[in-house]
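Undergrad: With this note's numbering, the residue at position 117 of the sequence shown is 150, and numbering never jumps.
We treat Cβ as the ideally placed atom computed from N, Cα and C, and that holds for glycine.
Pasting in a structure now, in structure tokens, and then I'll have a few things to ask.
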Amino acid sequence: MTAQPPIGPADASVVPRFAGPATFARLPRTDQVGHADVVVAGVPFDTGVSYRPGARFGANAVREGSRLLRPYHPGLDVSPFATAQVADAGDIPVNPFDIGAAIETLQHEATNLTAGGTRLVTLGGDHTIALPLLRAAADRHGPVALLHFDAHLDTWDTYFGERYTHGTPFRRAVEEGILDTSALSHVGTRGPLYGRGDLDEDKRLGFGIVTSGDVLRRGVAETVDALRQRIGDRPLYISVDIDVLDPAHAPGTGTPEAGGMTSRELLEILRGLAGCNLIGADVVEVAPAYDHAEITAIAAAHVAYDLVSLLALRHASEPGGQR
Numbered sequence: 034m035t036a037q038p039p040i041g042p043a044d045a046s047v048v049p050r051f052a053g054p055a056t057f058a059r060l061p062r063t064d065q066v067g068h069a070d071v072v073v074a075g076v077p078f079d080t081g082v083s084y085r086p087g088a089r090f091g092a093n094a095v096r097e098g099s100r101l102l103r104p105y106h107p108g109l110d111v112s113p114f115a116t117a118q119v120a121d122a123g124d125i126p127v128n129p130f131d132i133g134a135a136i137e138t139l140q141h142e143a144t145n146l147t148a149g150g151t152r153l154v155t156l157g158g159d160h161t162i163a164l165p166l167l168r169a170a171a172d173r174h175g176p177v178a179l180l181h182f183d184a185h186l187d188t189w190d191t192y193f194g195e196r197y198t199h200g201t202p203f204r205r206a207v208e209e210g211i212l213d214t215s216a217l218s219h220v221g222t223r224g225p226l227y228g229r230g231d232l233d234e235d236k237r238l239g240f241g242i243v244t245s246g247d248v249l250r251r252g253v254a255e256t257v258d259a260l261r262q263r264i265g266d267r268p269l270y271i272s273v274d275i276d277v278l279d280p281a282h283a284p285g286t287g288t289p290e291a292g293g294m295t296s297r298e299l300l301e302i303l304r305g306l307a308g309c310n311l312i313g314a315d316v317v318e319v320a321p322a323y324d325h326a327e328i329t330a331i332a333a334a335h336v337a338y339d340l341v342s343l344l345a346l347r348h349a350s351e352p353g354g355q356r
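In structure tokens:
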């Protein structure tokens with residue numbers, strides 16, 4: 034039986050880009066398609082933040098910032114919405130008062146959304162949500178490789194005595210055995226730390242570090258080559274905290290740090306990962322209350338678009354995946 038062609042975004046020559054429902058990239062909802070190869074879902078949760086709140090409104094800001102996205106990606110030479118069925122699952126409602134309950138709900142919903150081989154791109158929300166997303170990914174694929182784009186390590190042990198915050202998800206993930214510790218990398222880290230011990234602990238957990246300064250000195254091509262060598266063909270999860278970008282490129286975030294990557298550098302690094310065994314991704318920490326002229330939301334929308342495109346390419350490379 035021939036597979037039905039994917040249902041794509043609304044036609045901009047019929048419905049203006051500023052009109053109509055604000056799904057990601059103006060894509061159909063999951064209830065409008067029979068099956069989705071890639072799903073985009075929001076998580077309106079920021080109870081785990083340590084500084085400025087507001088990322089609970091991030092997913093919808095990213096959807097608004099995605100209205101101008103078009104169906105062909107020249108940088109990757111792919112039409113992702115024609116290559117795979119991509120749909121917006123809306124927001125996953127999680128408990129805003131109980132972090133433990135929110136984590137449990139999100140893990141359950143992520144597991145359901147990825148049943149049958151669907152790949153998930155999640156719009157946060159604060160970085161606490163990476164832990165249940167990684168749990169769901171590891172339940173399906175075993176321990177996964179991780180590329181973590183962030184100004185910060187997010188491998189602290191506790192904050193105010195709490196083990197589950199936006200600064201602790203990757204320590205918990207290592208402790209739970211859901212990450213492949215031979216293939217872990219932070220990218221874009223910078224800024225002051227509490228002490229040298231933060232770096233020592235991070236190294237002990239198995240992480241390699243590519244700072245924002247390393248990206249500047251080495252360039253995109255060398256950075257991509259080093260990351261690909263570390264990842265190999267392992268199942269890969271990519272987690273992007275939008276504060277990996279310099280505040281000039283992403284002012285709307287909760288814990289901004291000067292000296293970050295440009296949006297061009299981030300997008301080019303992601304595009305350099307085409308062909309990797311990407312199984313899921315998130316874009317988190319967009320806090321629109323601190324944004325200006327949608328700079329952050331638009332940057333995050335393009336990051337999510339590149340992640341969706343990479344997943345569409347991966348889908349097309351699998352048996353029976355080419356549309």
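Output yes or no for whether 8 Å exceeds the beta carbon distance between residue 345 and residue 296.
TA: No, these two residues do not count as a Cβ contact at 8 Å.
Undergrad: Cα-Cα, which of 98, 71 and 56 is closest to residue 320?
TA: Selected option, being the one with the closest Cα: 98.
Undergrad: Residue 38: buried (16+ other C-beta within 10 angstroms of its C-beta) or exposed?
TA: The residue in question, residue 38, is exposed, as its Cβ has fewer than 16 Cβ neighbours within 10 Å.
Undergrad: Any heavy atom of the ligand COA within a distance shorter than 7 Å of the CB on residue 325?
TA: Inclusion of the ligand COA in the displayed structure is not the case, the ligand content being empty and no account of it being possible.
Undergrad: Could you check what DSSP says for residue 168 in three-state terms: helix, strand or coil?
TA: Correct three-state label for residue 168: helix.
Undergrad: Nearest-angstrom Cα distance between residue 93 and residue 241?
TA: Approximately 33 Å, taken between the alpha carbons.
Undergrad: In whole angstroms, give me the CA-to-CA distance for residue 54 and residue 255.
TA: Approximately 41 Å between the Cα atoms of the pair.
Undergrad: Excluding the five sequence neighbours on either side, which residues of its own chain have a C-beta within less than 6 Å of the C-beta of residue 142, listed in chain order?
TA: Same-chain partners within the cutoff: 125.
Undergrad: What residues match up with residue 233 in a beta bridge as DSSP calls it?
TA: Per DSSP, none; premise fails for residue 233.
Undergrad: Is there contact between the region 140-155 and the region 174-182, where contact requires at least three CB pairs shorter than 8 Å?
TA: Touching, no.
Undergrad: Would residue 8 pass as a contact of residue 156 if the rule is Cβ separation under 8 Å?
TA: A question about residue 8 goes unanswered here, because the residues of the chain that appear run from 34 up to 356.
Undergrad: Let me know if residue 279 comes out buried or exposed under the rule of 16 or more other beta-carbons within 10 Å of its beta-carbon.
TA: By the neighbour-count rule (16 or more Cβ atoms within 10 Å), residue 279 is buried.
Undergrad: On a CA-only basis, which of 299, 89, 290 and 123 is nearest residue 158? Give me that one, please.
TA: Minimum Cα distance to residue 158 is reached at 89.
Undergrad: Taking the alpha carbon of residue 168 as the reference point, which residue from 195, 253, 137 and 79 has its own alpha carbon closest?
TA: The shortest Cα separation from residue 168 among 195, 253, 137 and 79 belongs to 137.
Undergrad: Where does residue 68 land, buried or exposed, given buried means 16+ other C-beta within 10 angstroms?
TA: Exposed is the call here.
Undergrad: Name the DSSP beta bridge partners of residue 152, please?
TA: Its beta-bridge partners are 71.
Undergrad: Pull up the distance between the alpha-carbon of residue 312 and that of residue 268, whole angstroms please.
TA: About 6 Å.
Undergrad: Under three-state DSSP, which class holds residue 132?
TA: In the structure shown, residue 132 sits in a helix (DSSP, three-state: H, G or I).
Undergrad: Specify, as a first and last residue, the run of the alpha helix (DSSP H) that residue 243 falls within.
TA: Note, residue 243: premise wrong, no alpha helix (DSSP H); beta strand (DSSP E) at 240-244.
Undergrad: Indicate the three-state DSSP secondary structure (helix, strand or coil) for residue 314 in the structure shown.
TA: It is a strand residue.
Undergrad: Using only alpha-carbon positions, find the residue among 277, 236, 135 and 243 that is nearest to residue 329.
TA: For residue 329, the nearest C-alpha among the options comes from 277.
Undergrad: Quick check: the Cα distance between residue 327 and residue 349, rounded to an integer number of angstroms?
TA: Taking the straight line from one Cα to the other gives about 32 Å.
Undergrad: Where residue 35 and residue 102 are concerned, what is the direct C-alpha to C-alpha distance, given to the nearest angstrom?
TA: Reliability fails at residue 35, whose pLDDT of 41 lies under 50, so the model's placement of it is uncertain and no value is given.
Undergrad: Would you kindly work out how many angstroms separate the C-alpha atoms of residue 193 and residue 128, rounded to a whole number?
TA: Computed Cα separation, rounded: 20 Å.
Undergrad: Just mark residue 285 as buried or exposed, buried being the case when its beta carbon has 16 or more other beta carbons within 10 Å.
TA: Buried, because 16 or more other Cβ atoms sit within 10 Å of the Cβ of residue 285.
Undergrad: Check each candidate in 75, 76, 118 and 49 and name the one with the smallest Cα separation from residue 61.
TA: Comparing Cα-Cα distances from residue 61 to each of 75, 76, 118 and 49, the minimum goes to 118.
Undergrad: With C-beta atoms as the reference, is residue 216 less than 8 Å away from residue 265?
TA: Yes, they are a contact pair.
Undergrad: In or out: residue 335 buried (at least 16 other Cβ within 10 Å) or exposed?
TA: Residue 335 should be labelled buried.
Undergrad: Take residue 262 as the anchor and find which of 231, 309 and 42 has the nearest alpha-carbon.
TA: Considering only alpha carbons, the answer is 309.
Undergrad: Assuming the contact rule is C-beta atoms closer than 8 Å, residue 288 and residue 84 should be a hit. Round their C-beta distance to whole Å, please.
TA: Contact flag correct, Cβ pair sits at about 5 Å.
Undergrad: When we look at the beta-carbon of residue 44 and count the other beta-carbons within 10 Å, is it buried (16 or more) or exposed?
TA: Exposed: under 16 other Cβ atoms inside 10 Å.
Undergrad: I'd like the ranges of any beta strand (DSSP E) spanning at least 3 consecutive residues and lying wholly in the region 306-350.
TA: Counting whole runs of 3 or more residues, the region 306-350 contains the beta strand (DSSP E) stretches 311-317.
Undergrad: Excluding the 5 residues preceding and the 5 following residue 339 in the sequence, name in chain order all residues of the same chain whose CB lies nearer than 7 Å to its CB.
TA: So the qualifying residues of the chain are 300, 303 and 304.
Undergrad: Near residue 212, what residues of its chain come up, given a Cβ to Cβ distance below 6 Å and the 5 sequence neighbours on each side ignored?
TA: Cβ within range, chain order: 176, 179 and 206.
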